[in-house]
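Numbering (the numbering used here), first residue to last: 4 to 623. Ideal Cβ positions, reconstructed from N, Cα and C, are used throughout, including at glycine.
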């Protein structure tokens, strides 16, 4: 009973915090920060409801931390990062637009600025300088991951850069502090310090084994058969992989967090994130149980007495806090071309969050007598300040701006561009047409089409539009050669790869290696497909054409827990719409009444605007 009461208290807090924040409509304060503060309140220094000495709670807290880092690795889209690597000759535009390269440059910039501050400024005269250089760029993934996940940024380029830089900083801090502490303990470098490379070897071996297993038909059949049974085979297998890497990390005397991150990264290589039901199961298990325990126990276990030792040295705390922000925000401005000054600064501010890893690193320094108890207290205090201030400042700076953004940019004001714009308008998708000819622009204006009259071969025009990485650019002028020229400008000079271009000569684009990663629409194939529909499906084609303004087709992912595993016939779908196709992992099938829907399914539906809204409400 003694072990269950503190756990009950923790979960009452975990339940009340998001409920209260939602009720009071407090959006700029992340719930994880409030959970840490509430942990201090229920801990031994205030109410003493939870002592922090409960072994079971500390174990669950450690598991929560491992799951948080594991989910951070799982959230990385490794395939997309690899695919984004520039091919051929590396250009400046590739460097500032590539997710991995940008993340690496931000970390290296932080590390360089740390060395500059520590070795040139007399701010930390009594502290081991190399230790501080390693500690300053450390990042609190445990704070960052839930925030960018709640903001819906975790799957976008902005969130991926933040996540990847945080991951790089976490891995490098763990590796560097492990090596430095080993050197300090042994009074020099020894071969055993290189044992952490074992985890890299296990990662590549496990990846090779995984690629072979998924091709075995018997294995595929068993996995599919047991996936949604009581055995939950994929969940069990994934946790086994997590524990394998954690066990290896522990065995070679490195940090378990390194193993957790590599386990998540390994599994991310085999999952289709947008539709994988496994991710939803992990989210429910982790954020519903383990992770809240971790955050609340961080507050419970904070040694508030240690802060009293440093009450007379406020200058150190302030200097350290300023240093944290300086070394993280300045390198983030490398993203200005991608996201603008405000968004770049907000990413640097969020990355300044310091907590578990920084405090753990400080504890290692204290145990090795590299730093004093007073310095350790100052690092703890500065970390607490950043983990409270940074998320709040990030939320404030990330508040929706008044600027109007377009999702689709149509380059070409001819009949095809006009028709596409009109259809997008019916779908309610924000668009902008760039028309180079004045008479075309006048026609567009007279029809109420959002458009501008500008030279479509001038790179400055596209820079002024502030096209975001998530936006789609459609090049649809009257000339194949002009389409190539415009595509080269947008791809090479702006570094924008989300391009669709229409052509009657696709071989011209395939011959241009700089454009081999853009989407090419063959005009002749579209015409042939349309004529085929008129021949083979004339009634359906005519009906869809005539009712285009009324009926639309849309793909909606299933994210609603209440309909998970329910039969289609038991879900009150609108009568003015219909389910067309369900995609599950690599399967595509037509749904019937006895078809059950699962979290992560991608459902194609057809209906009018009211029906589509109802489909979104029920499914998403």
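Boundaries of the beta strand (DSSP E) harbouring residue 592: 590-592, taken from the DSSP string. Sequence-distant Cβ neighbours of residue 325 in its own chain, meaning closer than 8 Å and more than five residues away, do not exist here.
Per the Cβ contact rule, the segment 318-338 is in contact with the segment 378-398 (3 or more Cβ pairs under 8 Å).
The residue from 245, 373, 213 with its alpha-carbon nearest to that of residue 138 is 373. Sorting 218, 555, 29 by C-alpha distance to the C-alpha of residue 399 places 29 at the top. If you look at residue 7, you'll find it in the alpha helix (DSSP H) that goes 7-26.
In the structure shown, residue 599 falls within a strand segment according to DSSP collapsed to helix, strand and coil.
In terms of Cβ geometry, residue 202 and residue 265 form a close pair [threshold 7 Å]. Judged by their CB atoms, residue 561 and residue 600 are nearer to each other than the 7 Å cut-off. Looking at the DSSP output, residue 436 bridges to 413, 454.
Beta-bridge partners of residue 525 (DSSP): 506. DSSP places residue 561 outside both helix and strand once states are collapsed to three, so it counts as coil.
When DSSP states are grouped into helix, strand and coil, residue 494 belongs to the helix group.
A direct Cα-Cα distance of roughly 27 Å separates residue 303 from residue 166.
For residue 570, the secondary structure class from DSSP, reduced to helix, strand or coil, is strand. If only uninterrupted beta strand (DSSP E) runs of at least 3 residues are considered, none is enclosed by the segment 301-381. C-alpha of residue 11 to C-alpha of residue 605: approximately 37 Å in a straight line. Assignment of residue 221 by DSSP, reduced to helix, strand and coil, places it in the helix class. In its chain, beyond the 5 residues on either side, 49, 302, 303, 305, 307 have a beta carbon closer than 8 Å to the beta carbon of residue 43. Residue 584 places its beta carbon less than 7 Å from that of residue 607. Contact between the segment 110-118 and the segment 133-152 is established, with three or more Cβ pairs separated by less than 8 Å.
Contact between residue 120 and residue 330 holds, since their C-beta atoms are separated by about 7 Å, short of 8 Å. The way I'd put it, the segment 70-78 does touch the segment 143-157; three or more beta-carbon pairs between them come closer than 8 Å.
The continuous stretches of beta strand (DSSP E) do not include residue 579, and DSSP gives it neither H nor E.
Bridge partners of residue 610 according to DSSP: 555, 580. For residue 580, the CB contacts under 8 Å within the same chain, skipping 5 residues up- and downstream, are 608, 609, 610, 611, 614, 615, 617, 618 in chain order. For residue 257, no beta strand (DSSP E) run applies, since DSSP gives it neither H nor E. Runs of alpha helix (DSSP H) with 4 or more residues, each lying fully within the segment 28-83, are found at 34-45, 58-78, listed in chain order.
Straight-line spacing of the CA atoms in residue 537 and residue 149 works out to 50 Å.
Here residue 507 is exposed: its Cβ has fewer than 16 other Cβ atoms, across all protein chains shown, within 10 Å.
If you check the CB distance, residue 435 and residue 465 do not come in under 7 Å. Residue 296 sits away from residue 59, with the two beta carbons spaced by 7 Å or more. Spatial neighbours of residue 623 in its own chain (CB-CB distance under 7 Å, excluding positions within 5 residues in sequence) are listed in chain order as 559, 560, 562, 563. Less than 7 Å separates the beta-carbon of residue 251 from that of residue 205. Residue 410 sits close to residue 432, with the two beta carbons spaced by under 7 Å.
Residue 347 sits close to residue 339, with the two beta carbons spaced by under 7 Å.
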